[in-house]
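Asker:
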Amino acid sequence: MEMKNYSSSISGFILLGLSSNPQMQKPLFAVFLVMYLVTLVGNGLIILAIHSDSRLHTPMYFFLSNLSFMDICFTTVIVPKMLVNLLSETKFISYVGCLVQMYFFMALGNTDSYLLASMAIDRLVAICNPFHYDVVMSPRRCLLLLLGSCTISHLHSLLRVLLMSRLSFCASHVIKHFFCDTQPVLKLSCSDTSSSQMVVMTETLAVIATPFLCILFSYLRIIITVLKIPSVVGKWKAFSTCGSHLTVVAFFYGSIIYVYFRPLSMYSVVKDRVATVMYTIVTPMLNPFIYSLRNKDMKRGLRKLRDQGYS
Numbered sequence: 367m368e369m370k371n372y373s374s375s376i377s378g379f380i381l382l383g384l385s386s387n388p389q390m391q392k393p394l395f396a397v398f399l400v401m402y403l404v405t406l407v408g409n410g411l412i413i414l415a416i417h418s419d420s421r422l423h424t425p426m427y428f429f430l431s432n433l434s435f436m437d438i439c440f441t442t443v444i445v446p447k448m449l450v451n452l453l454s455e456t457k458f459i460s461y462v463g464c465l466v467q468m469y470f471f472m473a474l475g476n477t478d479s480y481l482l483a484s485m486a487i488d489r490l491v492a493i494c495n496p497f498h499y500d501v502v503m504s505p506r507r508c509l510l511l512l513l514g515s516c517t518i519s520h521l522h523s524l525l526r527v528l529l530m531s532r533l534s535f536c537a538s539h540v541i542k543h544f545f546c547d548t549q550p551v552l553k554l555s556c557s558d559t560s561s562s563q564m565v566v567m568t569e570t571l572a573v574i575a576t577p578f579l580c581i582l583f584s585y586l587r588i589i590i591t592v593l594k595i596p597s598v599v600g601k602w603k604a605f606s607t608c609g610s611h612l613t614v615v616a617f618f619y620g621s622i623i624y625v626y627f628r629p630l631s632m633y634s635v636v637k638d639r640v641a642t643v644m645y646t647i648v649t650p651m652l653n654p655f656i657y658s659l660r661n662k663d664m665k666r667g668l669r670k671l672r673d674q675g676y677s
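As structure tokens, this is what we get:
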């Protein structure tokens, strides 16, 4: 059967998942179900703790609660379908379903990166310009940062999906991945993807590099300011407020840079699956622990939430 255009000749894709070994399907299902539930509960508790404790109604925790909400949505776009496919023999996803999953995956993932940049700006102002903190990080400006993050991310995602929808798929329709990511889908296309790749790489570089460079600039300024603090205790106290955020940034951007900022010819199925699992599933799961275990304010908020549950 000749298949010149995917949308008119094939109704969907097959997602191979993390492993084609039938004996691994149920163990993988159990592992990722637990990870997904931990992500939902952990991020849900962070949101509830922040909203229930008035002392946590600050810009930093405003961004953190929205980051937790985005992490819940981000993993929900991917993991439930992956869990269904692990127990299914067909592992099918429709053409429209694939594009929708791709759209929300990119939109929510990019929003995460902009929220991390907003949190870096918050730390920059708190440490380098503390006397003007309330003015610079006003509720109105925080809301504008959030709305701007969402708007840019969704516009970027819309452009990417529109480009993908114009491709033809003439041979295999088996995606060697556990969700509809751009690189694995591009590998299946029989269209000339060079122009699409150029647009995607240029636009992705701009969208992803902007928050990343913002984070680097913020922490460069923070380091310069902290090194001028005379006491060792003062330096440690200033740096300690940034530790959790830096850990999350390292996990998130490390895996993203590895997966996306390479030519399509260097794409490796196995290595990319592992790196993708890191930022799509592992990082959202670890975020609540990273922010709560090393943060006295969050510990207090969680204890207050627990006490309210007992009363």
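Residue 367 is where the sequence shown starts when you use this note's numbering, and the numbers rise one by one after that. Cβ coordinates follow ideal geometry from the N, Cα and C atoms, glycine included.
Just the Cα atoms here: how many angstroms apart are LYS601 and LEU612?
Answerer: About 16 Å.
Asker: Between which two residues does the beta strand (DSSP E) holding PHE458 run?
Answerer: It spans 458-460 - the beta strand (DSSP E) in which PHE458 sits, taken as one unbroken run.
Asker: Taking the alpha-carbon of LEU384 as reference, which of SER377, ASN409, ILE412, LYS457 has the nearest alpha-carbon?
Answerer: When only C-alpha atoms are compared, the closest one is LYS457.
Asker: Report the three-state DSSP secondary structure of LEU384 (helix, strand or coil).
Answerer: Coil at LEU384, not helix or strand.
Asker: Let me know if ILE590 comes out buried or exposed under the rule of 16 or more other beta-carbons within 10 Å of its beta-carbon.
Answerer: Its Cβ having fewer than 16 others within 10 Å, ILE590 is exposed.
Asker: Determine the DSSP secondary structure at PHE379, reduced to helix, strand or coil.
Answerer: PHE379 falls in the strand class under three-state DSSP.
Asker: Any contact between the region 615-624 and the region 644-658? By contact I mean 3 or more CB pairs, one from each, below 8 Å.
Answerer: Taking 8 Å as the limit for Cβ pairs, the verdict is that the region 644-658 does touch the region 615-624.
Asker: Shortest alpha-carbon distance to ILE574 belongs to which of SER515, LEU533, HIS539?
Answerer: Comparing Cα positions, the closest option is SER515.
Asker: For MET426 and PRO596, what's the separation of their Cα atoms in angstroms?
Answerer: If you take the alpha carbons of MET426 and PRO596, they lie about 26 Å apart.
Asker: Less than 7 Å between C-beta atoms, sequence neighbours within five positions excluded: which residues of the same chain meet that for LEU512?
Answerer: Around LEU512: ASN432.
Asker: Give the secondary structure of ILE647 by DSSP, where H, G and I count as helix, E and B as strand, and everything else as coil.
Answerer: Three-state result, ILE647: helix.
Asker: Per DSSP, what kind of secondary structure is ILE581 in: helix, strand or coil?
Answerer: In this structure, ILE581 counts as helix in the three-state DSSP scheme.
Asker: Considering just the uninterrupted stretch of the alpha helix (DSSP H) at HIS498, what are its terminal residues?
Answerer: No alpha helix (DSSP H) contains HIS498, which DSSP labels as neither H nor E.
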